[in-house]
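Input: a single structure, listed below in structure tokens.
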Amino acid sequence: MVDELAPRFAQRATWKLSTVAQRSHQLLAAAFAERGRRGYDFRVLAALDHFGELHQAAIGRHTGLDPSDVTQTVRDLEAAGELTRLPSSEDRRRMVIAITPAGKRTLSRLESAIDTAEAALLAPLSDAQRERLLEGLEVLAQAHDRR
């Protein structure tokens, strides 16, 4: 338990956002770890499920992951049979990556893990408060988009 915090920082939006983001990350990491997974696995599988076959560089652009993290995650998911590499129809020298049926099942399980983490994080809020929070977060996310 934390002692009383100095209002000079504790009342700041940046402090509150950082504190909640840290707790959100802890809940997500724990939910993924219970399944022997990482958030990167979810992001890559979700991108492939949504966009279809992608080159590795495109996976990075669609997930916001560093190229080295994409490479390692793709290797891990391929070893688990959750994605496959195929020759590109545009350039047979290049490979595209596609999600497999096993990858789709894993994606569903990971989405369930996220639902559990989000439910725990947002439990103190009413439905109306959740809706307002998500609306505000969407405005902030769009305003501060890294792209």
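So in UniProt numbering, spot 28 of the sequence shown is number 28, and the numbers just go up one at a time.
No residue lacks a Cβ here, since even glycine has one placed at the ideal position from N, Cα and C.
With 16 or more other Cβ atoms inside 10 Å of its own Cβ, Thr73 counts as buried. Nearest C-alpha to Leu45 among Leu110, Leu133, Ala128: Leu110. Bounds of any beta strand (DSSP E) do not take in Val2, whose DSSP letter is neither H nor E. Looking at Gly81, Glu138, Val2, the one whose alpha-carbon comes closest to that of Asp41 is Gly81. For Pro67, the uninterrupted alpha helix (DSSP H) run begins and ends at 67-79, by DSSP.
As the crow flies, the alpha-carbon of His55 is around 40 Å from that of Asp127. Taking 3 residues as the minimum length, the beta strand (DSSP E) runs contained wholly in the UniProt domain "HTH marR-type" (10-142) are 83-87, 95-99, in order along the chain.
Using a 10 angstroms sphere on the CB of Val96, the tally of other CB atoms reaches 16 or more, which defines it as buried.
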